[in-house]
Every structure is written in C-alpha cells, then in structure tokens.
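Comments concern the structure below.
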Amino acid sequence: MTVREKAVPMPQQDPSERVGNFDEVPLGYEREAALQEAERCLKCDPAPCIEGCPVGIDIPKFIDRIKREDFQASINTIKESNNLPAVCGRVCPQEEQCQEVCTLGENFEPVSIGRLERYAADWEREHGTVDNTVEDSRAGKIAIVGSGPAGLTAASDLRKLGYEVTVFEQFHQPGGVLVYGIPEFRLPNEVVEREVENLKAMGVEIETNTVVGRLFTVDDLLDGNRVEKHDAVFLGTGAGLPYFLDLPGENLNGIYSANEFLTRVNLMRAFKFPEYDTPVKIGGRVATVGGGNVAMDSARTALRLGADSSMVIYRRSEAQMPARDEEIQHAKEEGIDFRLLRNPTRFKGDDGRVEKVECVEMELGEPDESGRPRPVPKGGSEFDLPVDNVIIAIGNSPHPLVPRTTDGLETSDRGTIKASSRGRTSREGIWAGGDIVTGAATVIRAMGAGKTAASDIHKWLSNGETWK
Amino acid sequence: MRKIVKKSKVGDGVWEYELEAPLIAEASDPGQFVILRLHEKGERIPLTIADTSLEEGTITIVVQSAGKSTIELNQEYFEGEAIHDLAGPLGNPSEIEDYGTVALIGGGVGIALIYPIARALREAGNHVISIIGAQSADKLFFQDRIAEVSDEVIVTTDDGSAGREGFTSDALRDLLESENVEKSWAIGPVMMMKVCQEVAEEFDTELIVSLNTIMVDGTGMCGGCRVNINGETRFACVDGPEFPGSAVDFDLLAQRTEIYEEEEECALDEFLEGESK
Ligand SMILES: Cc1cc2nc3c(=O)[nH]c(=O)nc-3n(C[C@H](O)[C@H](O)[C@H](O)COP(=O)(O)OP(=O)(O)OC[C@H]3O[C@@H](n4cnc5c(N)ncnc54)[C@H](O)[C@@H]3O)c2cc1C
Ligand SMILES: Cc1cc2nc3c(=O)[nH]c(=O)nc-3n(C[C@H](O)[C@H](O)[C@H](O)COP(=O)(O)OP(=O)(O)OC[C@H]3O[C@@H](n4cnc5c(N)ncnc54)[C@H](O)[C@@H]3O)c2cc1C
Ligand code: SF4
Ligand code: SF4
Ligand code: FES
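If you read the protein sequences in the order shown, they are chains A and B.
Quick note on our numbering: the first sequence kicks off at 110 and runs consecutively.
Quick note on our numbering: the second sequence kicks off at 210 and runs consecutively.
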C-alpha cells in the first residue's frame with residue numbers, strides 16, 4: 110500500500126471573506142477527509158509522536174479508532190490524557206511537537222495529528238455522549254487559582270480522582286487566555302465554554318470574580334481563614350501583565366497593549382459594540398509591534414474590525430518570528446503587511462493621539478542568549494510610518510499579585526514562581542504550573558504542568574510524604 | 210449575581226447602593242474599589258467602596274450618572290434585583306496614620322469617595338477638615354455623613370447656591386493660609402485635582418489624588434489605566450488608584466479619559482433611544 114505523501118488539506122474560509130467576520134478560519138475536516146488522513150498513520154511502535162506530545166496522548170491509537178470509524182473510542186482515548194482536545198487540536202503548535210517527530214515526516218508531510226484531534230473532539234460535540242459522573246470518593250479539598258488551561262486541567266484530573274475541587278478566577282468568565290486572548294476566528298469562546306460546562310457537570314466548583322490575594326489570600330485557603338479550608342492549592346495564574354516598549358509617546362491615545370485590545374474584543378465582545386457595552390477604537394492604519402502569536406492575532410483582529418490596513422513591525426526577520434507558521438501564513442493571505450527588521454523608536458502625535466511611529470532599520474548580528482541573531486539598529490536609518498493605531502504585542506510577564514501576597518513563595522528574577530518538576534513550590538501544600546512558572550509559553554505546556562501537579566497533589570495527599 | 214439590598218437617591222443623578230458582598234466587605238479598606246458588570250453584555254466599570262457593613266454583609270457604592278452604564282444602573286436597577294458581576298476589593302488602600310491635621314477635598318461624586326477615608330483618618334486620631342463642592346446646591350449630597358466624620362466641613366458651590374461661592378481649590382487655598390495641614394486628599398474631576406495640586410504646591414504640603422482612569426480588568430492585565438507618575442508608566446488599578454499629586458501628569462490623565470468619547474456618546478444614544486421606545 111502506498112502512503113499519500115501530502116497531508117489531506119483542511120478547508121478554510123476564503124481570505125477575502127474571512128477578513129470581514131470573526132468566524133473560524135480553518136473549517137475542520139469532513140468525515141471523508143479525516144478517514145483519508147487517518148489512513149496515513151504508520152502505527153509506529155514505539156511511536157515518537159507520543160513522546161512529542163507534552164501530555165502523552167496515545168496518538169496511534171486515537172488515529173486508528175478514527176480509521177475504524179469508532180469516533181467515540183477515539184475521543185475517549187484522547188481524553189485519557191487531554192481534557193481540552195477541541196482547544197489543543199486548534200491552537201497547539203503541533204508542527205513543533207507531536208508532528209515534528211512523526212516518522213512519516215522524515216520523508217513526507219507528517220500526519221496531521223492536530224487536525225485529527227480536532228475532528229474527534231468536534232465529532233463528540235455534535236454526536237458524542239460525555240459521561241461526567243464522578244464520585245466524591247476521596248477526602249480532600251483542593252483550591253485551584255486561575256482558570257486557564259493549567260488550572261482547568263489540574264481541576265479536571267483532581268476531580269476525576271475523587272477530590273472536591275474549587276477553581277477561583279478573577280475575571281467574570283473562566284478560561285484564561287483561551288477566552289480573553291486568543292480570538293474567536295482561531296478558537297471560538299463557545300468551545301471553551303463547553304469544556305468548562307463539562308467540568309462543572311463533573312462537580313468542579315468555579316468561583317468567578319474572585320481576585321485571590323485581594324479578596325482572600327492563598328494562606329487563607331490553606332488555613333480556612335474566612336473561606337473554607339483546603340488541603341492543597343494549585344496556582345495557575347498565568348503571565349498576564351503586558352510589557353510596554355518604554356518609548357516616548359507610548360501613552361498617546363490610540364496605542365493599546367495587545368492584552369487590552371484583545372480583552373476588549375474577545376472577552377468583552379467589543380466587536381459587537383454597541384450591542385455589547387465595551388468599545389474598542391481601531392481603524393485606519395494599524396501597526397502591531399511584535400512577532401509572536403499574540404502579534405498575529407492582534408493584527409488580524411484589527412483587520413476584522415475594519416482597519417484600512419494592518420501591518421506587523423518586527424525587529425528580526427521572518428525566520429526568527431516566534432509565531433506559528435500557520436498563523437504567519439494566514440496573516441499573509443489576509444493581507445497583513447510585514448515590516449521586518451524594523452523597530453519602533455518613538456511615537457509621535459499632536460492633539461494627544463498617535464499619528465506616526467518612528468522606526469529604525471535593523472540588521473541581524475551575532476546570536477544572543479536566546480540563540481537567535483541579535484537585531485542591531487542601523488544608525489541614521491530612522492523613518493516615520495503614518496499610523497492611526499498601534500498595538501504593542503511584545504510579551505507578558507507573570508502576574509505578581511499572588512506571589513506578593515503569599516509569604517515565603519519563592520520567585521525568580523523574572524517574577525515567575527519557582528516550582529520543581531512536579532510543580533511543588535517553596536511552600537508546603539502549594540503547587541504551581543503553566544505560564545506563572547515558565548513565563549509565557551503554550552496551552553499544552555500549561556496543561557502538562559496542571560496534569561503533573563494534579564498527580565503529585567494526589568500522591569502527596571495519599572502518602573503523606575515529606576515536602577521536597 | 211449580587212443582590213441590591215438597598216437603593217436610595219442621594220442627590221441629583223447620584224444614587225447610593227448597598228450590595229450583598231460579605232467577603233468584599235470584610236476584606237476591603239478605605240481607598241479601594243470594585244469592578245461591576247451589570248449584565249452579560251455590560252462593560253466592567255470601576256466604583257469606589259464608599260462604606261461597608263460587616264453585620265449586613267454589604268458594601269456601599271455611590272454612583273453618579275455619567276454615561277451609558279451608570280445611567281442604566283441608576284435608572285433600571287432596583288432594590289431586590291441583582292447585578293451580574295462584582296469583583297474586588299481592588300487597588301491599594303489609603304495610607305491611614307495619625308498625621309495631625311488633614312484636609313479632604315471631594316468634588317462631585319468625589320464627595321462620597323472621601324467619606325471612608327475621612328472616617329478612617331478621624332478614627333486614627335487626625336483633626337479632619339473636609340471641603341466638599343459641587344456645581345450647585347442640588348448637586349450636593351452626603352453633607353450630614355461627611356459632617357459626622359469631620360471636625361470641620363467647608364461647603365462650596367460654583368454658583369454660590371450653597372456654602373461659599375467658588376471652587377473647592379479656592380477653599381483649600383484659604384485653609385492652607387490659615388492652618389497647618391500635614392496632608393490632604395483630593396478626589397474628583399481631573400481638573401479639580403490638578404488645581405488642588407497647584408495650590409498644595411504653593412504651600413509645599415503633600416496632596417494625594419485618586420485617579421479615575423478608564424479601566425478594563427482592574428488587576429494589572431491590560432494597561433488601559435496607565436498613567437504617568439514621576440515620568441514613569443504606572444497602572445492606576447494596581448499601583449494606585451492613589452498617588453501623590455506632585456507626581457501625576459494630569460494633562461495625560463485628562464487626555465486618556467477622552468479616548469472613547471464618540472463611542473460613549475453612541476452607546477448612550479442607543480440606550481436612551483431604546484428607553485424612549
Ligand atoms: C493572544 C494569545 C495567543 C496565543 N496563542 C497561542 C497558540 O496559538 N497556541 C498556544 O499553545 N499558546 C498560545 N498562547 C499562549 C497560551 O495561551 C498560554 O501559554 C496559556 O494560556 C497559559 O495557560 P495558564 O493556565 O498558565 O495561564 P492563563 O491562560 O494566563 O490563565 C491564568 C488565569 O488566572 C487568572 N488569575 C490570575 N491571577 C489571579 C488571581 N490573583 N486570582 C484569581 N485568578 C487569577 C487569570 O485571570 C487567568 O484567567 C497565546 C497567548 C496569547 C495571549
Ligand atoms: C478607581 C475608580 C473609582 C471610581 N469610583 C467611582 C464612584 O465611586 N462613583 C462614580 O460614580 N464613579 C466612579 N468612577 C468613575 C466611573 O467608573 C465612571 O463614571 C464609569 O465607568 C462611566 O461609565 P459610563 O458607561 O456610565 O460612562 P461612559 O459613557 O463610559 O463615560 C461618560 C463619561 O465618563 C468618563 N469616564 C469613562 N470611563 C471612566 C472611568 N473609568 N473613570 C472615570 N471617568 C470615566 C468619560 O470620559 C466620559 O466623560 C471611578 C473610576 C475609577 C477608575
Ligand atoms: S495535544 Fe498538541 S502536542 Fe499533543 S497530540 Fe494534540 S496537537 Fe499534538
Ligand atoms: S509517528 Fe506519525 S506515523 Fe508514527 S504513529 Fe505517530 S502519527 Fe502515526
Ligand atoms: S485596568 Fe487593566 S491594567 Fe489597570
């Protein structure tokens with residue numbers, strides 16, 4: 110039997126159409142396409158792809174079940190290791206993880222593991238039965254702080270083990286970056302809402318509007334002071350604090366952090382203003398500064414809100430852009446204008462509104478700590494770009510509120526919480542994982558950290574072993 | 210969902226609410242605020258915690274009709290009903306110590322906002338002088354309550370319909386000329402705070418202001434509330450909302466509150482149109 114060299118393509122919305130709406134861009138496989146793609150898997154044993162997946166999904170098995178058209182068995186297999194498959198199938202950087210090490214990829218295109226995962230998850234949403242019954246089989250109450258992928262995963266695993274679990278979230282809606290950051294056209298909030306509903310059906314309590322560190326502290330949770338006493342706490346508070354460039358003129362009107370811009374649009378649904386009350390002011394010529402997923406999301410969102418033009422200003426070249434290739438491709442198809450090897454030096458505007466970004470040309474020098482060539486400004490090459498809005502998407506730092514209000518919780522120079530490979534922090538009974546430990550990373554790594562911590566919490570509570 | 214336990218009108222376009230929020234009541238200190246969202250399509254609006262009751266398990270907010278959301282709350286939400294979301298306490302508490310003599314200047318809705326700070330300062334042993342001002346007599350409120358927690362109260366109105374004619378900053382100048390005031394707080398419109406700071410500077414006395422920036426999350430995650438403090442960018446929601454007036458770039462503050470002027474008008478028009486149908 111011969112193997113198709115190329116992956117079965119996934120249909121997607123036409124670029125000219127999709128820039129006018131917030132609907133999903135990739136439309137997902139149809140049944141036939143999924144079966145064809147599943148056919149390509151070689152069922153390797155041992156399977157390198159499993160190693161490549163941070164949560165260790167049994168990939169050949171779930172693909173095989175698709176091939177046999179036993180979709181329920183397929184999704185059940187995935188869910189043994191991953192409680193958010195509809196999310197991961199959409200936003201995982203598969204090309205750097207499971208698919209990068211796929212055996213088929215040595216000679217041909219690797220199996221589209223992510224697309225198949227999405228297919229199984231979406232099939233379940235439409236046709237499947239989800240069994241959410243969980244017994245309170247174990248004594249022990251666990252508090253989870255933060256409802257991003259790290260927190261939701263830890264909550265799910267601990268609940269399945271039979272613990273009582275409560276998730277505390279500061280926003281009015283759970284999901285973390287999945288709902289406030291990543292746009293609808295890549296990950297509809299409805300997908301996340303559904304996963305959260307499943308968690309609730311399992312008996313996980315979710316307390317929104319609860320700012321831990323202000324309303325009560327992590328110590329209160331452990332001591333039972335003013336709130337119920339918990340036996341363990343998992344911190345999944347994420348890296349939500351936006352960096353700015355610290356350049357002159359950065360506080361002019363019309364300049365957003367990507368966090369503010371995306372939160373207004375995704376969480377507060379400003380794209381439906383005035384039906385929804387939160388406004389967003391974007392239009393004309395929009396420039397996004399940065400080269401990661403967040404920058405791509407911002408630039409593409411701006412276009413959908415009616416910007417005349419949307420450009421990305423990045424200080425290195427395309428090869429060094431941290432965004433997923435697929436996102437860069439999608440952005441290009443939609444007409445995002447990439448101004449590479451350029452870096453802003455100041456923002457100008459009379460009347461309090463930004464009118465120009467002064468940029469300098471850059472060239473690539475010796476590699477820096479990150480191993481990427483260091484961008485160096487070319488003296489005297491400054492020039493002005495006329496703009497109406499600017500979005501700063503140069504990264505986020507860890508949220509300091511919980512470390513600041515929890516005595517003895519050790520942090521690094523970068524403000525991340527120090528945790529062992531099992532997620533244990535410097536404080537007994539407190540685990541941490543996800544972006545708050547690694548700095549801004551990926552959904553699946555955050556989920557992996559939530560999983561590891563959940564199993565370690567279980568071990569600690571059942572064996573009573575000493576901390577550290 | 211948070212129940213409105215009590216609602217009463219305190220002045221022209223200004224309403225007071227007691228909201229069921231036992232944990233927030235316990236956790237909050239003077240100077241802190243909450244963020245509320247009226248309904249599923251609502252925006253998140255910051256409002257200062259004007260009072261708390263541990264017995265009732267409530268917090269008090271005082272809301273001035275300014276635009277769509279505040280008008281909607283004041284016109285369409287009644288006792289016994291619920292608002293969708295309430296998060297807090299947010300921001301840093303006021304620094305309460307025994308300073309000696311202190312002055313508290315409240316303009317407009319700021320009158321309600323100085324109340325908890327004045328009370329705490331009084332309890333800490335200060336001699337509290339409150340200056341409260343509004344455009345006209347019918348816009349004044351909370352006079353009794355401010356009097357309860359102050360040793361002296363000075364009332365000003367722009368048109369002289371109550372108290373002395375003029376601005377709160379004029380009263381502050383007169384006060385500083387005659388008394389030795391250790392520290393002052395000014396809370397109200399940007400322009401009022403700016404001018405009060407200029408007066409405080411003349412007399413070389415410390416003045417604290419509370420910055421009413423536009424906010425989204427209120428927890429440091431968006432940077433929409435950024436202000437310039439001593440030349441550096443700070444977030445009003447987590448680094449403030451109180452800052453020394455001498456450090457604040459008031460012009461930038463004023464400029465940034467205008468970002469959504471057109472959208473605010475549009476939202477309000479739509480709302481009022483819906484109302485009249
Ligand atoms: C725009 C954007 C696009 C991205 N695209 C991708 C992508 O395509 N693929 C990918 O893999 N990754 C992507 N990422 C990164 C990924 O989303 C994050 O790595 C991941 O969400 C981290 O998960 P987390 O659970 O650690 O934290 P978060 O998702 O940040 O969740 C933390 C939660 O904790 C809450 N919280 C914080 N402090 C408190 C407190 N004191 N009390 C209560 N609650 C609190 C926050 O409100 C938040 O809900 C993207 C990120 C952004 C911003
Ligand atoms: C920390 C803090 C505490 C506050 N406490 C109170 C309070 O106790 N009582 C009270 O009545 N108001 C308070 N405010 C102001 C209140 O949040 C705004 O009046 C409200 O958000 C306006 O919403 P709106 O939809 O009704 O009006 P909009 O249509 O949004 O705006 C109407 C007018 O209000 C201004 N405005 C918009 N948003 C804000 C904002 N966040 N802050 C200040 N002005 C704004 C606009 O520039 C415009 O002139 C506080 C603001 C902050 C930041
Ligand atoms: S979770 Fe991510 S890494 Fe794991 S199999 Fe799915 S797409 Fe690949
Ligand atoms: S490595 Fe590729 S071909 Fe092999 S089992 Fe995994 S997905 Fe299939
Ligand atoms: S309101 Fe978002 S950072 Fe202050």
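Even for Gly, the Cβ is constructed at its ideal location relative to N, Cα and C.
Keep in mind that this is a model prediction, so the values were computed, not measured.
Closer than 9 Å to the CB of Ile468/B there is at least one CB belonging to chain A. In the three-state reduction of the DSSP assignment, Glu475/A falls in the strand class. Closer than 8 Å at the C-beta level to chain A, one finds no residue of the segment 317-339 of chain B. Interface annotation for the segment 309-341 of chain A against chain B: Thr317, Asn318, Thr319, Val320, Arg323, Leu324, Phe325, Arg335, Val336, criterion Cβ-Cβ distance under 8 Å.
The alpha-carbon of Gly400/A is positioned some 33 Å away from that of Ala156/A. Contact annotation: in the segment 270-281 of chain B, residues whose CB is within less than 8 Å of a CB in chain A are Lys277, Ser278. In the three-state DSSP reduction, Glu273/A falls in the strand class (E or B). Uninterrupted alpha helix (DSSP H) stretches at least 4 residues long and entirely within the segment 211-261 of chain B occur at 231-236, given in chain order.
For Ala476/B, the neighbours in chain A by C-beta distance under 8 Å run, in chain order, Phe382, Pro383, Asp386, Pro388. Environment of ligand 5, chain-ordered: Glu369/A, Met424/B, Val425/B, Asp426/B, Gly427/B, Thr428/B, Gly429/B, Met430/B, Cys431/B, Gly432/B, Gly433/B, Cys434/B, Phe444/B, Ala445/B, Cys446/B, Val447/B, taking every residue with Cβ within less than 7 Å of a heavy atom. Here the alpha carbons of Gly474/A and Leu245/B stand approximately 50 Å from one another. Look at His339/A here: in three-state DSSP terms it is coil, with no helix or strand label. Contiguous beta strand (DSSP E) elements confined to the segment 191-220 of chain A do not occur, taking only those with 3 or more residues. The residues Gly137, in chain order, have a CB closer than 6 Å to that of Asp231/A in the same chain once the five nearest residues on each side in sequence are set aside. The beta carbon of Ala321/B is closer than 8 Å to those of Val219, Val223, Glu225, Thr257, Ala259, Val271, Gly315, Phe350, Phe351 in its chain, skipping five residues each way along the sequence. Closer than 8 Å to some heavy atom of ligand 2: that does not describe the Cβ of Leu313/B. Look at Phe280/A: its beta carbon is less than 8 Å from one of the heavy atoms in ligand 1.
For the pair Ser530/A and Thr561/A, the CB atoms are nearer than the 9 Å cut-off. Take Thr238/A, set aside five residues on each side of it, and no residue of its chain has a beta-carbon closer than 7 Å to its own. Pro509/A belongs to the set of residues whose beta carbon lies under 9 Å from a beta carbon in chain B. If you draw a straight line from the Cα of Asp245/A to the Cα of Trp576/A, it comes to about 26 Å. The C-beta of Thr261/B comes no closer than 9 Å to any C-beta of chain A.
Separation of Ser418/A and Thr410/A (C-alpha to C-alpha, rounded to the nearest whole angstrom) is 11 Å. Boundaries for Asp516/A: no alpha helix (DSSP H) harbours it, and the DSSP string shows neither H nor E there.
The beta carbon of His248/B sits closer than 6 Å to those of His293, all from its chain and outside the five residues before and after it, given in chain order.
Taking 8 Å as the cut-off, one finds at least one heavy atom of ligand 1 near enough to the beta carbon of Phe277/A. Contact check for Gly427/B and Pro255/B: beta-carbon distance about 6 Å, within the 8 Å limit, so the pair qualifies. Straight-line spacing of the CA atoms in Asp266/A and His508/A works out to 24 Å. Take the alpha-carbon of Gly223/A and the one of Leu228/B: they are about 47 Å apart. Residue range 310-316 is occupied by the beta strand (DSSP E) that includes Gly316/B.
Of all residues, those with a beta-carbon under 5 Å from at least one heavy atom of ligand 2 are Phe242/B, Ile254/B, Pro255/B, Leu256/B, Thr257/B, Val272/B, Gln273/B, Ala275/B, Gly276/B, Lys277/B, Ser278/B, Thr279/B, Val318/B, Asn421/B, Ile423/B, Pro450/B, Thr466/B, Glu473/B, reported in chain order.
For His439/A, the uninterrupted alpha helix (DSSP H) segment begins and ends at 434-442. With a cutoff of 9 Å on beta-carbon distance, Gly322/A and Thr515/A are scored as near each other. Taking one beta carbon from each stretch, the segment 266-284 of chain A and the segment 246-257 of chain A have 3 or more pairs nearer than 8 Å; the two touch.
Flagged as an interface residue toward chain A: Leu461/B, by a C-beta distance shorter than 9 Å. Taking each of Trp569/A, Ser571/A, Met556/A, Lys568/A in turn and checking the Cα distance to Cys201/A, the smallest one comes out for Met556/A.
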